[in-house]
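If you want the numbering used here, it's the 1-based position in the sequence shown plus 84. In this text, a Cβ means the ideal position worked out from N, Cα and C, and glycines have one as well. Here the structure is a predicted model, which is why all the values come from computation and not from measurement.
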Amino acid sequence: MFLTYDDIDNPNLVGNKFFYLSQLSRLQGNFFVPKAICISTNMFQEILGHERIDWLKHFFEDLRATVGCYLVDSIADLNSLIQNLTLDQSFRNNLEYKLKEVFGERYLLKSYAVRSSSVSEDSVNNSYAGVYHSELNVKGIGQICSSILLIMSQYYSYSSIASRIRVNNYEYMPDLGIIIQQMVEPLYAGVAFTFKEKECMLEYVEGLGDKLVSGNIEPYRYSTETDYNASNYATDDQKLDDIISVILELKKVIGFQVDVEWAMNHRKDLYILQMRPVTKELAETNNDPKYLVASLYLEQLPLDLNLGECASVYASYVKKRSSIYQLAEQLGCKTGKGYVLNFNGKGLLTFANKFNDLLNSSQSDKYVLDLNDNIRQVILTKDDIFTYLVDTYTLTLNSLEQHTVILREFIQGDFGFISKYYKENELFIEYSYDGLLAINRGIADCYQVYFTEEGNVEIQTDQEVSTTLAENFNFIKKLTEEMNNKHHGCQLEWVMYQGTPYFVDYSNESSLITFEKNGDGLAIVKGSAHGPALNLIQEKETLFRLSVGPAVSINKSDDLAYHTELKKIFGVLEAFETKPIIVVDKPYAVLSIFFDKVAGFIFKEGSLLCHLSVLLRENEIPSLISPIIDEIKTNDELLISDQQLLILKVTEERGATS
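Right, here's the structure in full:
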């Protein structure tokens with residue numbers, strides 16, 4: 085569907101940008117609105133087709149369930165899906181008919197700007213300024229069609245998706261209209277925004293406005309609040325006053341603060357190219373570069389550091405970890421560095437060398453980044469972080485909106501381990517070469533070491549690891565003891581790096597761990613459970629992927645019931661007449677969302693101290709590790725009795741097994 089200004093009475097089919105232009109086209113004033121048509125949002129959906137839309141649905145479900153941490157890794161698959169879009173001959177014929185109708189017989193000789201117009205952009209809350217793509221000086225039907233396809237693909241680019249999920253928008257269905265607007269050959273082009281009651285700021289360049297948007301040139305700036313004459317500006321006083329008068333009048337008519345892109349041609353005619361509401365962030369910006377760094381755990385934040393979107397993430401880290409990091413430092417225990425970075429595009433690009441020096445001061449090659457509640461725990465190498473921030477926030481030297489991110493050293497180390505009291509004064513340590521994150525998420529191959537109160541190794545599985553832990557026993561035991569005095573039964577998380585333990589975090593758990601083994605069976609939670617088996621080993625790829633993301637942790641479990649694959653599992657669970665016992669290869673963290681639906685869990689291998697095991701103990705759900713799960717099929721009748729597993733009845737004639 086190809087629409088004109090006269091066809092529009094709401095933004096749902098054309099997006100906010102074209103809707104505002106249609107409103108402006110009906111106003112009388114000392115300005116013009118270029119002729120334009122808009123390809124409706126539902127036409128983009130038709131071009132995508134059902135198969136791509138179904139794939140996008142699963143992609144964005146996964147993205148939401150993993151809180152954005154996989155976006156960098158998975159964007160290539162999305163690009164492959166989108167890059168082969170085509171426009172069929174029927175579309176081209178209808179497009180040419182509409183271009184001829186609106187722009188006249190000589191439409192092929194004219195130049196056009198092809199722009200995005202999304203329902204989610206240019207709103208009061210989110211502008212997405214600079215995120216979506218525009219093509220200028222487009223000529224001929226071939227170039228127009230190529231530009232349309234480019235803008236469609238850009239809707240699913242990394243920067244576009246990152247900007248949407250930052251504001252918790254995981255909608256997979258496109259809401260993008262595409263504007264084909266007659267080009268204005270500008271003498272000057274720029275932006276203007278209103279603020280306060282009657283103030284206006286102009287930024288502009290000579291020629292096309294893309295030089296301003298790109299940040300490659302320092303624009304002329306004029307503010308009614310601070311500049312009282314315009315003698316040093318490229319255009320004359322009267323024309324600046326005329327532009328400002330028009331912008332302020334638009335604000336008055338529209339009823340909110342406005343951010344306007346404009347152009348003035350050689351006849352000094354003023355054209356409004358696009359208009360949006362001023363966002364709160366834009367209204368509060370200034371022209372200064374912002375680059376400010378503070379320690380995450382060990383100091384108070386400077387008064388002029390604006391946490392912004394990161395406020396709740398910062399609060400969660402500091403509330404839990406700040407005092408323990410200070411305690412660790414007092415006891416001589418090493419900890420990973422953490423920083424709070426507050427910046428705008430002008431500041432980060434101006435102080436790029438300073439930022440790289442900060443990153444290179446780390447002994448680790450990687451950092452974990454948190455941007456806000458919707459983009460968490462993104463693990464990147466130091467070399468990739470600068471580009472990641474530039475792409476995620478679409479930064480240029482003219483980007484003045486402030487952003488805040490939290491950066492924490494990601495020390496993979498030689499192995500990760502967790503310390504916890506076993507019985508009263510003996511220390512239980514579980515470790516994995518897969519790393520600490522893998523232990524917590526339930527995806528690691530884990531081993532155990534037990535120390536007596538005096539530091540002697542009681543049980544071990546690896547002599548080298550046991551020796552390294554024994555050499556650092558006093559440090560590990562001292563901090564574990566101090567923390568247990570504050571939080572009885574808690575467990576401490578560490579990384580061993582080049583023979584030195586680094587404290588990372590802790591988890592509250594009131595109970596001491598028990599270690600009881602019967603043959604090959606190892607109880608995570610003692611108790612009895614009786615019911616049919618539900619074997620989920622075939623779902624391990626989905627469970628693995630959703631467990632690595634931070635949506636599920638020891639302190640919270642986000643509602644993941646919307647995820648298609650998890651919905652299927654919920655459906656199967658609810659079909660059982662009695663609560664089943666889940667049988668699966670590892671204690672994946674995401675399994676905690678099924679607690680209300682199950683009688684118990686059986687794992688082939690896993691950790692006694694991972695997040696799921698802690699939650700199982702807190703919820704008193706019988707569970708154990710047993711290698712015989714390979715023999716169990718769905719609907720087999722099972723009995724868990726403390727550390728024993730009995731197969732009471734099988735779905736095939738295999739005989740009972742214990």
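{"Item": "For residue 618, the first and last residue of its enclosing beta strand (DSSP E)", "Value": "612 to 619"}
{"Item": "Euclidean distance between Cα positions of residue 101 and residue 274", "Value": "17 Å"}
{"Item": "Segment contact, 8 Å Cβ cut-off, at least three pairs: the stretch 344 to 355 with the stretch 392 to 411", "Value": "no"}
{"Item": "Rounded C-alpha distance that separates residue 505 from residue 565", "Value": "8 Å"}
{"Item": "Residues near residue 663 in its chain [Cβ-Cβ closer than 7 Å; skip 5 each side]", "Value": "615, 681, 682 and 683"}
{"Item": "Buried or exposed by the 16-neighbour rule on C-beta atoms within 10 Å, applied to residue 303", "Value": "buried"}
{"Item": "Spatially closest choice to residue 283 from 310, 456, 289 and 338, by CA coordinates", "Value": "310"}
{"Item": "Sequence-distant residues of its chain with Cβ nearer than 6 Å to residue 650 (five each side left out)", "Value": "644"}
{"Item": "For residue 487, the first and last residue of its enclosing beta strand (DSSP E)", "Value": "487 to 494"}
{"Item": "Given residue 326 as reference, the closest of 560, 115 and 204 once Cα atoms are compared", "Value": "115"}
{"Item": "Segment contact, 8 Å Cβ cut-off, at least three pairs: the stretch 423 to 442 with the stretch 498 to 513", "Value": "no"}
{"Item": "Inter-residue Cα distance where the pair is residue 726 and residue 711", "Value": "16 Å"}
{"Item": "Segment contact, 8 Å Cβ cut-off, at least three pairs: the stretch 523 to 530 with the stretch 688 to 700", "Value": "yes"}
{"Item": "Touch test, the stretch 368 to 382 against the stretch 398 to 414, Cβ-Cβ under 8 Å, three pairs minimum", "Value": "yes"}
{"Item": "Through-space distance from residue 390 to residue 201, alpha-carbon basis", "Value": "31 Å"}
{"Item": "Nonlocal neighbours in the same chain, by C-beta distance under 8 Å from residue 678, ignoring five residues either side", "Value": "653, 654, 657 and 666"}
{"Item": "Residue environment, residue 419, which counts as buried when at least 16 other CB atoms sit within 10 Å", "Value": "buried"}
{"Item": "As assigned by DSSP and simplified to three states, the class of residue 683", "Value": "coil"}
{"Item": "Bridge-paired residues (DSSP) for residue 576", "Value": "503 and 590"}
{"Item": "Unbroken beta strand (DSSP E) run spanning residue 450, endpoints", "Value": "450 to 454"}
{"Item": "Endpoints, the alpha helix (DSSP H) within which residue 174 is located", "Value": "173 to 187"}
{"Item": "Between the CA atoms of residue 592 and residue 575 - distance to the nearest angstrom", "Value": "7 Å"}
{"Item": "Three-way DSSP call (helix, strand, coil) for residue 728 in this model", "Value": "strand"}
{"Item": "8 Å Cβ cutoff met for residue 215 and residue 471", "Value": "no"}
{"Item": "Neighbourhood of residue 454 by C-beta distance below 6 Å, restricted to the same chain and skipping five residues each side", "Value": "397, 460 and 490"}
{"Item": "Proximity test, residue 466 beta-carbon vs the ligand FMN heavy atom, cut-off 7 Å", "Value": "As for the ligand FMN, it is missing from this structure, which has no ligand bound."}
{"Item": "Residue 724 versus residue 463: straight-line alpha-carbon distance, rounded", "Value": "39 Å"}
{"Item": "Counted within 10 angstroms of its Cβ, other Cβ atoms place residue 456 as buried (16 or more) or exposed", "Value": "buried"}
{"Item": "Touch test, the stretch 577 to 584 against the stretch 548 to 560, Cβ-Cβ under 8 Å, three pairs minimum", "Value": "yes"}
{"Item": "Extent of the continuous alpha helix (DSSP H) run through residue 197", "Value": "Where residue 197 is concerned, there is no enclosing alpha helix (DSSP H), although the beta strand (DSSP E) it sits in stretches over 196 to 202."}
{"Item": "C-alpha distance - residue 117 paired with residue 520, whole-angstrom precision", "Value": "59 Å"}
{"Item": "Alpha-carbon to alpha-carbon, residue 721 and residue 733", "Value": "5 Å"}
{"Item": "Alpha carbon of residue 417 to alpha carbon of residue 500, nearest angstrom", "Value": "15 Å"}
{"Item": "DSSP three-state assignment for residue 333, whether helix, strand or coil", "Value": "helix"}
{"Item": "Contact belief for residue 217 with residue 234 at Cβ below 8 Å, rounded distance in angstroms", "Value": "6 Å"}
{"Item": "Straight-line gap, residue 486 to residue 570 (C-alpha atoms, nearest Å)", "Value": "38 Å"}
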